[in-house]
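As structure tokens, the structure follows; a few thoughts come after it.
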Amino acid sequence: MNLKLRLLTGFMFLSLFFTQLSYSQLSYSEDFEGDEVFWTNPEDAYWLDDYESCDGYSIVTELYTYYEEGTSVSSTLGISNGQLATLSYEYKLIDYYDDTPYPNSPNWGNFSVEYSTSATGPWTLIETVSPANHIVSGDCATRTVAFTPPAGSNVYLRLRSAANPDEDIDIDALLYFDNVSVTQAASLPCEGTPSASTTIAANGTICNSQQAQLSLSPAYYSGGLTFQWQSSTNGTDYTPITGATSPTYSAAQTASTWYRAVITCTGSGQTATSTPVQVINSGLECYCDVPFEEDIEPITLVNFAGIDNVSSAAINGSPGVENFTGLTPGQVTAGQTYEITLEGNTNDPDGDGYETYFTVFIDWNHDGDFEDDDEQNEIGYLVDSNGTDGVQLTGDIEVPEDALPGLTYMRVFKLFYEFTSDPCSSEDGAGYGQVEDYLINVTTDCNLEAPEIEEDITLCNAATGADLPNFDGDIVWYYSATGDDVVVESDALVAGTYYAAAIEGTCESEERTPVEVIIDVVNLDEVEDVFSCTTYVLPALTNGAYYGGTEGTGTEYEAGDEITETTTLYVYAESEIVEGCFAEAVFTVNIDALPEIEGAEEQTITTPGATITDIVILTVNGASVTWYPTQEDAEAGTNAIPTTTELVNGATYYAVQNNGECSSEVFEVTITTTLGTDDFTNKGFTYYPNPVNSVLTINYSSAITNVTVYNLMRQQVLSRDNTQLQAVTDMSALSTGTYLVKVTAGTQTATLKIVKQ
């Protein structure tokens with residue numbers, strides 16, 4: 007026969023994370039054609055064969071009266087959604103010697119297909135094939151059978167074959183098994199709020215280039231669900247991760263990070279959030295992997311420096327390299343010696359005396375490998391142990407005096423036949439054994455005494471941790487005598503007791519010196535910004551003095567000084583106890599004097615019946631104007647006159663503007679009323695329109711010789727000569743506003759107040 011003797015070993019344990027990628031329904035197939043077949047072969051009962059096979063390569067076993075039962079277990083088929091699953095496979099049974107179809111008589115034995123939610127069982131029978139239901143044929147037959155694996159669990163298949171053990175019957179047949187497939191009905195759609203779940207990290211602690219690998223437990227198997235992964239650096243504030251919308255998530259991280267997932271049922275719109283998990287960055291370089299080509303013969307106990315870890319004793323029941331860096335690190339001190347106790351399964355059911363050797367590697371210098379001379383410790387070997395019978399191996403590990411402090415890796419390497427010469431290979435033991443990785447925290451035995459600080463420390467009222475003596479030197483400060491509550495540079499100090507520990511390199515004194523800290527409070531008057539319309543007189547201070555600059559610089563001011571313009575001032579006081587300790591406050595004196603009203607002090611009004619509102623003045627935008635009959639009334643703000651008061655020729659009027667906070671100086675104006683009394687006669691004098699949009703027309707009984715237009719600033723904006731009784735003036739080019747129009751007729755003049763629209 008042309009046999010391809012490729013043994014199938016325990017490949018299913020790639021990682022729990024990768025066995026949970028299917029969250030919908032089972033859809034599995036295996037034709038045994040690949041370079042690697044992920045079915046186990048613990049009894050070496052099966053091989054791959056393309057001679058007389060069903061299709062290409064099949065897995066084959068020999069049913070022989072004197073052979074024991076053989077089994078082969080698949081890798082995970084995925085996660086079941088709880089619906090009906092259909093198993094299909096091909097098989098045939100032929101004579102070992104002449105390849106003819108094997109008869110059902112005599113009874114040749116049986117084979118069965120089973121399923122489980124674990125690679126190690128317990129197993130549930132799907133079907134058994136025996137002479138009772140086997141159809142004799144030289145061709146491969148296809149069998150189809152239904153089963154319902156429980157929802158939310160991984161599913162594994164097991165092929166189990168056994169020949170009739172009756173030694174009076176000579177049974178010798180070849181069983182071919184091929185083209186296995188499992189399909190499952192679609193998931194039922196989700197309803198209401200998704201069930202609760204917990205975020206699971208494949209490794210709670212990862213090295214620098216290792217990825218965080220996350221899944222949800224229990225897994226979701228309903229249809230219509232969406233997933234959004236979120237991350238957080240503090241475990242409180244979470245943000246969505248772009249593109250992380252699968253039931254699992256894998257990514258690199260540079261700092262310890264919390265993760266959770268928001269699960270939404272699209273039909274109901276309801277959501278659930280998984281319980282978060284933190285993936286911690288160890289800060290260490292990732293160490294080499296170790297492939298084991300044959301059986302995983304597990305380490306079952308590691309007891310060292312506070313680590314006391316018991317793990318599975320099942321052959322091929324654990325990964326080849328098992329990561330226990332998420333456990334509390336072992337604690338060792340440089341220069342000390344520690345005992346290590348080890349147990350493991352030697353995989354020797356027949357008592358052949360197989361020796362399995364333990365080597366412990368520790369990266370004392372943190373260089374990312376185990377290759378230095380003092381980093382390899384050969385502990386010894388075990389014989390004839392199943393890993394749970396109490397058979398132990400003990401040895402001593404000496405921590406070098408120059409071991410670097412802090413976290414580092416420890417690798418426990420169990421290998422068949424001899425000590426490994428390579429922390430990254432199982433070849434010395436023909437691929438049999440296992441590795442477990444741990445973290446070790448190295449400290450140094452310092453024997454430092456607490457610092458001597460005999461006097462109390464007096465500091466300024468704004469003192470921070472950085473002001474404590476030797477803060478960045480050979481002292482570290484704490485808030486308590488024994489806790490880890492370190493005073494940091496930016497901490498605001500208050501009066502009380504603080505504790506000082508001496509530090510030297512990586513060493514720190516166990517004892518701490520209590521030190522009383524006194525806070526010297528420099529008293530200072532409170533000040534606020536000042537607003538004044540004219541001047542401001544500085545009041546007397548109880549604590550502090552006035553300065554024009556910070557920290558007592560610039561012009562020094564005295565109480566009673568008059569501030570006449572806007573000025574920024576500082577109130578400054580120094581401590582009488584601590585040199586350089588001071589207090590300071592800043593305020594601004596804002597002088598907002600309102601300007602006087604602008605306008606001619608003598609004005610001629612030609613409008614008949616003119617009132618106060620016809621007086622031409624300029625005021626601050628938004629200010630109100632009040633008129634008074636006398637200077638005294640204006641200064642006192644009494645006896646104001648209404649704006650409807652008709653102007654009297656030769657009278658003087660007084661005005662004050664006010665913006666709500668300040669008033670201006672008094673404005674004085676003397677009024678002359680003319681228009682037809684002395685210079686101009688009213689007879690025949692008319693003008694229109696007022697207000698005007700474009701053309702102003704003026705008529706008089708005598709010829710009008712000139713029309714000149716002024717704005718309220720007394721600036722000439724237009725002038726036209728004329729020889730007729732009527733003067734037409736085009737004002738369309740002027741801006742909207744009020745204008746004064748001076749009309750001249752020979753020696754007579756009149757001034758009009760015209761509004762341009």
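End of the sequence shown sits at 763 in the working numbering; the numbers just go up one at a time, nothing left out.
All C-beta atoms, glycine included, are put in the ideal place defined by N, C-alpha and C.
One Cα belongs to alanine 640, the other to asparagine 664, and the distance between them is close to 12 Å. Closest by C-alpha distance to valine 521, out of Ser317, Val188, Ile647 and Tyr505, is Tyr505. Uninterrupted alpha helix (DSSP H) stretches at least 4 residues long and entirely within the segment 605-676 occur at 637-642, given in chain order. Shown here, glycine 350 sits in a strand according to DSSP, grouped into three states. Going by C-alpha positions, proline 137 is about 7 Å away from glycine 115. Taking a cut-off of 8 Å on C-beta distances, the segment 348-367 touches the segment 416-433, as three or more cross pairs fall below it.
With respect to the 7 Å criterion, serine 223 and threonine 204 are classified as neighbours on the basis of their beta carbons. Here glycine 558 carries a helix assignment [DSSP, helix/strand/coil]. Around the Cβ of serine 700, a 10 Å sphere holds fewer than 16 other Cβ atoms; the residue is exposed. Contiguous beta strand (DSSP E) elements confined to the segment 188-220 occur at 204-207, taking only those with 3 or more residues. Judged by pairs of C-beta atoms under 8 Å, the segment 541-557 does not touch the segment 477-485, as fewer than three such pairs exist. If you keep only unbroken beta strand (DSSP E) runs of at least 3 residues inside the segment 485-550, you get 502-510, 519-526 and 536-538. Judged by DSSP in its simplified three-state form, glycine 115 adopts strand.
Around the beta carbon of asparagine 322, 16 or more other beta carbons lie within 10 angstroms, which makes this residue buried. If you draw a straight line from the Cα of aspartate 178 to the Cα of glutamate 68, it comes to about 7 Å.
Taking threonine 414 as the centre and dropping the five residues before and after it, the same chain places the C-beta of Asp369, His372 and Ile446 closer than 6 Å to its C-beta, in chain order. Taking the C-beta atoms as reference points, threonine 572 is found nearer than 7 Å to isoleucine 597.
The shortest C-alpha to C-alpha distance from phenylalanine 183 to any of Arg166, Thr199 and Ser193 is the one to Arg166. DSSP places alanine 472 in the helix class (H, G or I) of the three-state scheme.
Boundaries of the beta strand (DSSP E) around methionine 416: 412-422. In this structure glutamine 732 is in contact with isoleucine 704, their Cβ atoms being roughly 7 Å apart against a cut-off of 8 Å. Sixteen is the threshold: when 16 or more other Cβ atoms of the shown chains lie within 10 Å of the Cβ of aspartate 301, as they do, the residue is buried.
Taking C-beta atoms under 8 Å as the contact rule, isoleucine 524 and asparagine 467 fail to qualify, at a distance of about 11 Å. Here threonine 254 is not near asparagine 160, since their CB atoms are 7 Å or more apart. As computed with DSSP, cysteine 452 is found in no beta bridge at all. When secondary structure is reduced to three states using DSSP, glutamate 568 falls in the strand class. If you check the CB distance, glutamine 190 and glutamine 276 do not come in under 7 Å.
Following the DSSP letters along the chain, one finds cysteine 271 inside the beta strand (DSSP E) bounded by residues 263-271.
Glycine 332 carries a coil assignment under DSSP once its states are collapsed to helix, strand and coil. Judged by beta-carbon spacing, glycine 336 lies beyond the 7 Å limit of phenylalanine 298, meaning their Cβ atoms are not closer than that value. For aspartate 314, the enclosing beta strand (DSSP E) stretches over residues 313-316. A straight-line Cα-Cα distance of about 28 Å links aspartate 473 and tyrosine 552. Isoleucine 141 counts as exposed, since fewer than 16 other beta carbons sit within 10 angstroms of its beta carbon.
For cysteine 466, the uninterrupted beta strand (DSSP E) run begins and ends at 463-466, by DSSP.
Going by DSSP, glutamine 382 is part of the beta strand (DSSP E) stretching over 382-389.
Put simply, the backbone Cα of serine 237 is about 29 Å away from that of glycine 374.
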